[in-house]
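Below: one structure, written as structure tokens.
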Amino acid sequence: MNIKVLPQDLINKIAAGEVVERPASVVKELVENSLDAGATNVQVEIENGGINLIKITDDGSGMNKEDAELSIVQHATSKIGSQEDLFNIGSLGFRGEALASISSVSEFCLISKTSDSVAGTKVTVENGQVKTEQSGAADGTSVEIRNIFYNVPARQKYLKTAVTEFNHVVDLFLNYCLAYPEVTWKLIHNNKVVYQFPSARQFQRIADCLGDEVAGNLIEVDLKLNNVSVKGFIGKPQIARNNRKLQYLFVNQRPVNEYIVAKQIKQAYTTLLSKELHPVYILNLKIENEKIDVNVHPRKLEVRFSEPHIIYKTVYQVVAKALDDNDLGRQVPVEDMKKFIPVKQVLSSVQSRFPVSNIRIKKDFIQPSPEFKKASADFNKIMQQTADVEGLREGGESEPVLLSNSEEGISREPDKDFKILGQVQNSYIIVECAESLKIYDQHATSERVQYEKLKREWQIGKLASQKMLLPQNIELVPAEAQLLDSNFSLLNKLGFEVENFGNNTFAISAVPQVLARVDLKELVFQIVGELIEPVVVEDKISKPVDTILKMMACKSAIKFGDQLNELGMTALINDLECLENQYTCVHGRPCFLEYRFGELEKLFKRKK
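Shown next as structure tokens:
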């Protein structure tokens with residue numbers, strides 16, 4: 000086949016594949032054009048998540064007829080004119096590709112007018128045909144995009160649901176609202192105003208976008224080191240999330256994804272947050288234009304620093320200083336706190352040195368009788384009904400519900416030939432079997448049992464629910480509230496009863512029975528953190544549902560350090576023995592280690 004030059008329309012469609020990924024990509028390019036034009040008011044209007052309509056209206060400088068016609072020509076731009084300009088970019092856009100690419104894959108209409116013009120200019124593009132005419136218009140620019148990818152079916156089929164696409168638009172919209180608090184913003188979806196933010200100071204804009212609870216737990220950062228200005232707010236540890244959705248990083252007011260900068264910020268929180276939690280922050284790095292390269296990727300979400308080590312070091316120092324100045328940087332590391340010995344363990348250690356009658360050492364290893372095992376199963380049934388397993392732990396503390404009998408999906412009979420020898424460090428259960436010695440990790444074992452129970456409940460209907468004495472109100476940030484609101488059917492099947500009170504606040508009146516004693520706010524944050532889009536509720540367990548069930552199993556499981564009595568240990572081992580998959584917890588760690596007596600004899604040199 001001979002080499003030939005591609006037609007311009009096809010070139011534009013190819014370029015659109017890099018620039019226009021989904022409706023949110025279009026919103027990004029058009030909003031950046033508005034900001035570069037000096038707009039103080041930007042309105043974003045979409046329909047059906049942006050699939051049917053995207054319309055951006057601004058009060059920026061506008062364009063005359065000549066510029067309006069050139070704006071849809073590939074590589075036509077007013078933002079750079081020489082090679083030197085390319086390495087000193089002060090605008091958000093500069094490539095001159097966006098409008099050409101967008102107009103090639105949609106029904107496109109642009110209306111623009113400058114303040115010194117009597118009339119505006121209207122440019123329409125459909126199926127590659129361009130039409131220009133005079134039009135009445137307000138000062139500024141309005142760009143209307145209809146039926147994105149209508150002429151590229153291969154791209155259209157990769158669009159997600161309207162709700163998912165809308166969530167992507169919301170996420171992008173909030174990024175620019177936070178980066179440009181001085182601008183007035185409005186977002187309309189399906190003719191309904193979703194967000195409307197007047198021009199404000201940054202702190203007020205954060206409260207508007209992320210809610211009063213987040214805003215009330217922020218620390219202001221405003222420091223310049225090494226010619227790098229770091230300005231914005233960082234969150235106190237108590238509002239940290241199990242995801243990175245509340246991390247907003249800007250470089251010269253440009254939203255960016257910068258993994259190493261994010262890592263440096265997380266590093267500053269090392270002594271304050273456990274590894275699975277992520278700090279909240281809204282930070283803008285102001286750096287000389289010639290020291291950053293934004294011409295890395297067509298979507299302009301990545302930047303390259305000429306002196307990266309200085310940037311990373313500065314960000315860490317500024318965030319660490321802000322935490323330290325607020326008496327947060329000198330606290331005991333979370334990981335070190337785990338090394339502290341609980342009071343019960345200290346007392347137990349002291350008691351073990353003296354012949355006290357209640358020492359928890361098995362003096363005889365009598366095989367539990369069948370009557371004992373039956374009593375254990377019956378006891379477990381009662382505990383399931385009350386969700387308060389007193390007696391499984393020493394001291395009558397509350398304990399998570401365990402599996403009982405075959406009605407919960409147990410697929411085999413438990414091993415009847417075992418006896419409990421005892422519990423070590425309130426964490427491991429030692430069991431003698433017919434041919435081996437087993438050491439059970441009580442948390443991993445309980446986690447597996449709980450996971451299988453939750454899966455079974457999901458598949459046969461819904462998770463057992465427990466009413467709360469008083470409903471608890473929880474405030475979420477707008478993006479989280481949107482996700483929660485679109486997943487009510489999922490929450491109901493998980494055992495929650497939730498009501499939307501408006502203003503991103505939800506009242507929870509019932510929770511899954513197994514999680515009745517878990518911190519509710521943290522639980523809701525974690526569930527929302529696992530959601531990306533509305534989950535289709537069906538008996539089959541989808542990937543997001545499975546992730547949530549695993550998280551719930553972990554939270555409701557017996558913990559390391561929980562002291563169990565013989566009844567509790569027997570019930571737990573019985574429940575695990577009834578499962579087909581009994582070898583690992585939901586994270587892949589072993590539930591038990593098994594040592595054959597023959598292997599032990601070899602280890603003790605009694606057998607070759």
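Numbering of the sequence shown is given in numbering that gives the first Met the number 0, commencing with residue 0 and proceeding in unit increments.
All residues carry an ideal CB built from backbone N, CA and C; glycine is no exception.
Chain-order list of residues whose beta-carbon lies under 6 Å from that of Ser-508 (same chain, five-residue window excluded): Met-467, Pro-470, Glu-496
When you compare only the Cα positions, how much space is there between Gln-366 and His-442? The predicted position of Gln-366 is uncertain, since its pLDDT is 46 and thus under 50; no value can be drawn from it.
Are the beta-carbon atoms belonging to Gly-89 and Ala-75 less than 7 Å from one another? no
Secondary structure, alpha helix (DSSP H): runs of 4+ residues fully inside the stretch 80–129: 82–85, 97–103
Going by C-alpha to C-alpha distance, which of Ile-428, Lys-452, Ala-478, Val-72 sits closest to Gln-246? Ala-478
Counted within 10 angstroms of its Cβ, other Cβ atoms place Pro-533 as buried (16 or more) or exposed: buried
Whether or not the stretch 514–527 and the stretch 550–570 are in contact is what I'm after, with contact meaning three or more pairs of Cβ atoms, one per stretch, closer than 8 Å; do they touch? yes
For Lys-54, name the three-state secondary structure that DSSP assigns. strand
Environment of Val-535 [buried if 16+ CB atoms lie within 10 Å]: So Val-535 counts as exposed.
I think Val-293 touches Val-302, with their Cβ atoms under 8 Å apart; what is that distance to the nearest whole Å? 5 Å
Phe-364 to Ile-419, Cα distance in whole Å? Residue confidence is low: Phe-364 scores 37 on pLDDT, short of 50, so the model does not pin down where it sits. No coordinate-derived value is stated.
Ser-356 by DSSP, collapsed to three states: which one? In this predicted model, Ser-356 has a pLDDT of only 40, less than 50, meaning its place in the structure is not dependable enough to derive any value.
Proximity below 7 Å, CB of Ile-110 to CB of Ser-134: Closer than 7 Å, so yes.
Between the stretch 51–60 and the stretch 197–215, do three or more beta carbon pairs fall short of 8 Å? no
List in chain order: all unbroken beta strand (DSSP E) runs of 3+ residues lying wholly within the stretch 421–496. As far as the stretch 421–496 is concerned, its whole beta strand (DSSP E) runs of at least 3 residues are 427–432, 435–440, 464–474.
State the beta-bridge partners of Arg-303 as determined by DSSP. Asp-292
Return the CA-CA distance between Gly-560 and Leu-566, expressed in angstroms with no decimal places. Leu-566 has its alpha-carbon roughly 17 Å from the corresponding atom of Gly-560.
Indicate the three-state DSSP secondary structure (helix, strand or coil) for Asp-561 in the structure shown. coil
Rounded C-alpha distance that separates Ala-612 from Ile-238: Because the chain in this structure spans residues 0 to 607, residue 612 falls outside the shown range and cannot be described.
Three-state secondary structure (DSSP) at Asn-499? strand
Could you check the C-alpha separation between Gln-195 and Ser-541 for me, to the nearest Å? 36 Å
Which class does Pro-22 belong to by DSSP, given the choice of helix, strand or coil? helix
Check the DSSP bridge columns for Ser-508 and list the partner residues they point to. For Ser-508, which the question treats as bridged, DSSP gives no partner whatsoever.
Top-ranked residue by Cα proximity to Ala-36, from Lys-285, Ser-77, Asn-51, Gln-7: Ser-77
For Arg-595, write down the residues that DSSP places opposite it in a beta bridge. Ser-435
Residues sharing a beta bridge with Tyr-175, DSSP: In the DSSP output, where bridge partners are listed per residue, Tyr-175 has none listed.
Measure the alpha-carbon distance for Leu-621 versus Asn-503 and round it to whole angstroms. Because the chain here runs from 0 to 607, residue 621 falls outside it and cannot be looked at.
Return yes when the Cβ of Thr-113 is within less than 7 Å of the Cβ of Val-122, no when it is not. no
Closest to Gln-481 by C-alpha separation, out of Lys-452, Phe-591, Ala-161, Ala-463, would be which residue? Ala-161
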